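According to the UniProt record's numbering, numbering within the sequence shown proceeds without interruption in unit steps and concludes at 89.
For glycine and all other residues, C-beta sits at the position ideal for the given N, C-alpha and C.
If you're wondering where the values come from, they're calculated on a predicted model, not measured in any experiment.
Since the structure comes first, as structure tokens, the remarks are kept for the end.
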Amino acid sequence: AQQQQQEKPKKENILDLNKYMDKEVRVKFNGGREVVGLLKGYDQLMNLVLDDVKESMRDDEGNENTRSLGLVVARGTIIVLISPADGSE
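The following block contains the structure:
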């Protein structure tokens, strides 16, 4: 039996999320939900682990409601936007 191991080329992330680890990020989801939380982890599929998460929702009149969610795993397939919470790099 041949035991030749082939290295698969690592898929390089377009976003380097490492610099945002343990920092507050804003995440927008498909469907309009929006959260702010501390980035605790991520993978190649852009699944995120966020802590101390607060979700903000706007109703039709423009009123904003906020609720605390705590620790959240966000699925990469429904994430539309990831940005620093303070709005700068």
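Only counting the same chain, and skipping five residues up and downstream in sequence, which positions put a Cβ closer than 7 Å to that of residue i?
i           : result
residue 102 : What is shown of the chain runs 1 to 89, which leaves residue 102 out entirely.
Met21       : Leu39
Is the beta carbon of residue i less than 8 Å from the beta carbon of residue j?
i          : j     : result
Arg26      : Asn47 : no
residue 93 : Ala85 : Here the chain covers residues 1 to 89 and nothing more, so residue 93 does not appear.
Ignore the nearest five residues each way along the sequence and tell me which others in residue i's own chain have a CB closer than 6 Å to its CB.
i     : result
Asp52 : Gly37, Leu38
Between which two residues does the beta strand (DSSP E) holding residue i run?
i     : result
Gly37 : 34-42
Ile78 : Run containing Ile78: none; DSSP gives neither H nor E here.
Glu61 : Here Glu61 belongs to no beta strand (DSSP E), and DSSP marks it neither H nor E.
Lys28 : 24-29
Drop a sphere of 10 angstroms on the beta-carbon of residue i, count the other beta-carbons inside from all chains shown, and report buried for 16 or more, exposed for fewer.
i     : result
Leu50 : buried
If you drop the 5 nearest sequence neighbours on each side, which residues of the same chain put their C-beta closer than 8 Å to that of residue i?
i     : result
Ile79 : Val27, Lys28, Phe29, Asn30, Met46, Leu48
On the premise that residue j lies in contact with residue i, defined as a C-beta separation below 8 Å, what is that separation, rounded to the nearest angstrom?
i     : j     : result
Leu17 : Tyr42 : 5 Å
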